[in-house]
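Q: Just so we're aligned: the sequence shown equals residues 1 to 454 in the UniProt record's numbering. Just so it is clear, CB atoms sit at the ideal spot from N, CA and C, and this is done for glycine as well. Computed from a prediction, not measured in an experiment: that's the story for all the values here.
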Amino acid sequence: MPRSKKGKRGSSKPGSLRQEVLQLQLSAKAPLKGVKNGLKGESAASDDDVASDILSHYSSASETTSVLEEGTGGEQVDEQTAQEETEDKLKQCIDNLMDKSTKTRLAALESLRQAFASRLLYDFLTERRLTVSDSLERSLKKGSGEEQAAAATVFALLCIQLGGGGEAEEGFKMLRPILTAILMDGTASIAARQSCARSLGMCCYVSAAEDGEDLIKSLALLESVFMSSYPNREGTLPTPKPGSSGLHSAALQAWSLLVTLCPASRLTVLLPLHLPKLQACLQSSDVNYRIAVGETIALLVELGRDIDEDFEVDDSETLCECLKSLATDGNKHRAKNDRRKQRSIFREVLHYIENEDFTEEKIRFAVENVYIDGWMRRRIYDAFKEILESGVRHHLQFNPLLRDIFGLGPPLILDAAVKGNKISRFEKHLFNSAAFKARTKQRSKARDKRADVM
């Protein structure tokens, strides 16, 4: 779904998918293989009313499997009644966020988390976004560590629900100070700080991607967290405090998500600063942090090669030797599952560093697919999957924000006739390839705009 700087959404009225593909076939000289690193970009905004209609349609057509919905004794209820019942329960959960009981507030946050992750609620939340934001701010300021962690996650989901437009940006500017304060508070709960790091990265990504100043501030903040794991002047890694590796991983992954938005001028500063230090962190004692570091190295190298095809990592031989060691690690003192996971990831990283070889992954949902064809797209997809969990496929199918980010176009309206007359694999390939190409062009334009600010 196209996005503009003000967050307006819109599209042309959906027509026959076969007609669209036919137009692509007539205009294309040859099938496209796909555009590497298709990422989040900009395109011209259209009619707000049409976009609102699409969002409203899919809000009411969403799956009804949320934990908020209880059985109805086997009796079928019409769609409108089910929608009203769900909204009534959501309203009660929002009211419960202000309850005096911590247990009640936590239950409400968990119910909202599951509802926000499993369905699209744009119309419902647009009318109540300030109320929800106020309640989340209260939980972040006065709640326990567990409540703060839950509130930060729900806020990230709220931004995804609002679609990264003006409403989400408004909420991000409102809650960013408290998210920042918790993240930087050494006495705060580790779980709360981790959740705030992930929320800060995701909310900045979807809400303030076009604001170079916000992007720089968020990058610097996250850097200050994970850089404490970097080696000292003597080249020795610091002894990690209990729980700090998880916090460093969350901050590094949130930072790497935001790095995918940086223009070339900023990347030329970040790459030489962080790559050598991250290479040293591959010796960390925590397997999850080692994996996060390895994936970030691969991402940064991909970004470097995207700017300059002759880009090379300093002391690449040492890096490759280290990656080979981790890819074949058989130390018995490590858990078997940890060894297996580490070997798999570092084999991929090594193959990419040495041969620019990336194993493409296909994510299927309904009748569509998303192709993960590079480290940038993997980081973006993993970030959404971490927050949306099993609901990520539902949002890929219906949420205009995710469909915009992954170049899927407006949500497809699949009636019985369409389902019974599926388009061919070649037509799907042509359609997706053209979408990737268009988004790559818009991505370049967006980077140029941010470069002017940064």
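My guess is that Glu-354 and Cys-320 are in contact by the Cβ rule of under 8 Å, so how many angstroms apart are they, rounded?
A: As a position in the sequence shown, residue 354 is number 354, starting the count at 1. As a position in the sequence shown, residue 320 is number 320, starting the count at 1. Rounded, the Cβ-Cβ distance is 6 Å, consistent with contact.
Q: To the nearest angstrom, report how far apart Phe-358 and Lys-277 are at their CA atoms.
A: On the sequence shown, residue 358 is found 358 positions in, with the first residue counted as 1. On the sequence shown, residue 277 is found 277 positions in, with the first residue counted as 1. When rounded, the distance between both Cα atoms is 24 Å.
Q: Any idea which residues DSSP pairs Asn-369 with across the strands?
A: As a first step, residue 369 is located in the sequence shown; it is residue number 369 there, counting from the start. Answer is Arg-364.
Q: Give the secondary structure of Pro-410 by DSSP, where H, G and I count as helix, E and B as strand, and everything else as coil.
A: Here residue 410 refers to the residue found at position 410 of the sequence shown. Pro-410: coil per DSSP, three-state reduction.
Q: If you draw a straight line from the C-alpha of Ala-298 to the C-alpha of Leu-275, how long is it?
A: Position 298 of the sequence shown holds residue 298. Position 275 of the sequence shown holds residue 275. Linking Ala-298 to Leu-275 through their CA atoms gives a straight-line distance of about 10 Å.
Q: Going by Cα to Cα distance, which pick from Thr-104, Arg-198, Leu-90 and Gln-80 is closest to Leu-388?
A: Here residue 388 refers to the residue found at position 388 of the sequence shown. That would be Arg-198, whose Cα lies nearest to the Cα of Leu-388.
Q: Among the residues of its own chain, which have a CB less than 7 Å from the CB of Glu-361, if the five just before and after it don't count?
A: Locating residue 361 in the sequence shown gives position 361, where the first residue counts as 1. If we look at Glu-361 and ignore the five residues flanking it on each side, its Cβ neighbours are Ile-372.
Q: Nearest-angstrom Cα distance between Cys-262 and Gln-279?
A: To locate residue 262, count along the sequence shown from 1; it is residue 262. To locate residue 279, count along the sequence shown from 1; it is residue 279. Going from the Cα of Cys-262 to the Cα of Gln-279 covers about 21 Å.
Q: Which residues in the same chain as His-395 place their Cβ atom closer than 6 Å to its Cβ, once the five residues preceding and following it in sequence are excluded?
A: On the sequence shown, position 395 is the one that residue 395 refers to. The residues are Leu-388 and Leu-402.
Q: Just to confirm the assignment: which complete beta strand (DSSP E) runs, minimum length 3, are found wholly within the region 94-158?
A: none
Q: Grab me the residues of Ile-190's own chain with a C-beta within less than 7 Å of its C-beta, minus the 5 sequence neighbours each way, in chain order.
A: The residue labelled residue 190 in the question sits at position 190 within the sequence shown. Taken in chain order, the residues that qualify are Gly-243, Gly-246 and Leu-247.
Q: Can you tell me the Cβ-Cβ gap for Ala-108 and Leu-97, rounded? I've got them flagged as a contact below 8 Å.
A: The residue given as residue 108 occupies position 108 in the sequence shown. The residue given as residue 97 occupies position 97 in the sequence shown. Taking a contact as a CB-CB distance under 8 Å, the pair Ala-108 and Leu-97 counts as one, their CB atoms being some 5 Å apart.
Q: I'd like the list of long-range same chain contacts for Gln-397, defined as Cβ closer than 6 Å, with 5 residues on each side in sequence excluded.
A: Stepping through the sequence shown from its first residue, residue 397 is reached at position 397. Phe-365 and Ala-366.
Q: From Ser-66 to Gln-283, what distance separates their C-alpha atoms?
A: What you label residue 66 is simply residue 66 of the sequence shown in a count that begins at 1. What you label residue 283 is simply residue 283 of the sequence shown in a count that begins at 1. For Ser-66, the predicted structure reports a pLDDT of 40, less than 50, and the residue's modelled location is therefore unreliable. The matter cannot be settled from this model.
Q: If we require 4 or more residues per run, which alpha helix (DSSP H) segments fall completely within the region 305-351?
A: 316-327
Q: Let me know the secondary structure DSSP gives Gln-283 once reduced to three states.
A: In the sequence shown, the residue the question calls residue 283 occupies position 283. The answer is coil: DSSP assigns Gln-283 none of H, G, I, E or B.
Q: Assuming Val-293 and Cys-281 form a contact by the criterion Cβ under 8 Å, report the distance between their Cβ atoms to the nearest whole angstrom.
A: Working through the sequence shown from its first residue, we reach residue 293 at position 293. Working through the sequence shown from its first residue, we reach residue 281 at position 281. Right, the Cβ-Cβ distance comes to about 5 Å (below 8 Å), so this counts as a contact.
Q: According to the neighbour-count rule (16 or more other Cβ atoms, all chains shown, within 10 Å of its Cβ), is Gln-342 buried or exposed?
A: One-based indexing of the sequence shown puts residue 342 at position 342. By the neighbour-count rule (16 or more Cβ atoms within 10 Å), Gln-342 is buried.
Q: Taking the beta carbon of Ala-383 as the centre, do at least 16 other beta carbons fall within 10 Å, making it buried, or is it exposed?
A: In the sequence shown, the residue the question calls residue 383 occupies position 383. Flag for Ala-383 reads buried.
Q: Can you tell which of Leu-120, Lys-173, Ser-218 and Lys-241 has its C-alpha closest to the C-alpha of Gly-186?
A: Translated into positions along the sequence shown, residue 186 becomes position 186. In terms of CA proximity to Gly-186, Lys-241 leads the group Leu-120, Lys-173, Ser-218 and Lys-241.
Q: Go ahead and pull the three-state DSSP assignment for Leu-355.
A: Indexing the sequence shown from 1 puts residue 355 at position 355. First, the amino acid is wrong: residue 355 is Asn here, not Leu. If DSSP states are grouped into helix, strand and coil, Asn-355 belongs with the helices.
Q: Rounded to the nearest angstrom, how far is the Cβ of Tyr-257 from that of Gly-201, given a contact under 8 Å?
A: Looking up residue 257 in the sequence shown gives position 257. Looking up residue 201 in the sequence shown gives position 201. The question names Tyr, yet the displayed sequence has Leu at residue 257. 5 Å between Cβ atoms; contact.
Q: Comparing alpha-carbon positions, which option in Asp-214, Glu-234, Val-206 and Ala-251 lies nearest Ser-224?
A: Indexing the sequence shown from 1 puts residue 224 at position 224. Answer by Cα proximity: Ala-251.
Q: Roughly how many angstroms lie between the CA atoms of Thr-239 and Cys-196, to the nearest whole one?
A: The residue labelled residue 239 in the question sits at position 239 within the sequence shown. The residue labelled residue 196 in the question sits at position 196 within the sequence shown. Spanning the two alpha carbons is a distance of roughly 23 Å.
Q: Along the alpha helix (DSSP H) that carries Tyr-230, what are the first and last residues, could you check?
A: Here the question's residue 230 lines up with position 230 in the sequence shown. No alpha helix (DSSP H) contains Tyr-230, which DSSP labels as neither H nor E.
Q: Could you check whether Gly-163 and Pro-410 sit closer than 8 Å to each other, using their CB atoms as the reference points?
A: The residue you call residue 410 lines up with position 410 of the sequence shown. The residue you call residue 163 lines up with position 163 of the sequence shown. Not a contact, by the Cβ cut-off of 8 Å.
Q: So, does the region 129-138 touch the region 154-170, judging by three or more C-beta pairs under 8 Å?
A: yes
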